[in-house]
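Asker: My questions all concern the structure below.
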Amino acid sequence: MKAQELICIVCPIGCHMSVEKKGEDYTVTGNGCPRGIAYTKKELTAPSRTLTTTVKISHSNFRRLPVKTSSEVPKERLFDVMEEINTLTVEAPIKMGDIILKDVLGLGVDIVSSKNMPRV
Ligand code: SF4
């Protein structure tokens, strides 16, 4: 198998890594630490991401509330989760960490507020 190039997104250094599959295992070079190897294996077998976005909010000085997923979502479901989030409108007051939507799409992941939003 031809070597695949990947950029590690685990920390801001962003190591450029080369990955080659050998049998059932992967040979990784260019990683600055072991987390790069773990990231590579996960990225090639079950890629996932923490989603950060915003939700419509009423009775607030702002029109959008920053939110994020409580844990990572399978990469292939990110657009489905975004569609679900886009149907929501929440009402202030909201506290940072409040659950905006529980168990989105049955993925076992909640959508939580990233900011306090007082009511006006
Ligand atoms: S391999 Fe390690 S040092 Fe390099 S970007 Fe990933 S986490 Fe950071």
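Numbered by this note's numbering, the letters in the sequence shown go through residues 1063 to 1182 in order.
Where a beta carbon is used, it is the ideal one built from N, C-alpha and C, also for glycine.
Is the segment 1162 to 1176 touching the segment 1121 to 1138 in the sense that three or more CB pairs, one from each, lie closer than 8 Å?
Answerer: Touching, yes, given that three or more Cβ pairs across the two stretches are closer than 8 Å.
Asker: Could you give the first and the last residue of the continuous beta strand (DSSP E) run that contains T1107?
Answerer: That residue, T1107, is in no beta strand (DSSP E); its alpha helix (DSSP H) goes P1096 to T1107.
Asker: So, using beta-carbon positions, are P1135 and R1126 closer together than 8 Å?
Answerer: Residue identity check: residue 1135 is Val in the sequence provided, not Pro. Not in contact: V1135 and R1126 (Cβ atoms no closer than 8 Å).
Asker: Excluding five sequence neighbours on each side, which residues of the same chain lie with their C-beta closer than 7 Å to the C-beta of T1115?
Answerer: Closer than 7 Å at Cβ, skipping near neighbours: V1129, M1144 and I1147.
Asker: Near the ligand GDP, which residues have their beta-carbon less than 5 Å from any of its heavy atoms, given in chain order?
Answerer: Although the ligand GDP was asked about, the structure shown includes only the ligand SF4 as ligands.
Asker: Since V1181 contacts S1122 with CB under 8 Å, what's their CB separation in whole angstroms?
Answerer: Here the sequence assigns Arg to residue 1181, which means Val is not the residue at that position. So it is a contact: roughly 7 Å between Cβ atoms.
Asker: Which of the three DSSP states is assigned to L1167 in this structure?
Answerer: Residue state, collapsed to three classes: helix.
Asker: Residues in the same chain with beta-carbon distance under 8 Å from I1119, minus the five sequence neighbours each way, listed in chain order, please.
Answerer: Answer for I1119: R1125, R1126, L1127, T1151, V1152, E1153, A1154, I1156 and M1179, listed in chain order.
Asker: Please classify C1077 as buried or exposed, where buried requires at least 16 other C-beta atoms within 10 Å of its C-beta.
Answerer: Label assigned to C1077: buried.
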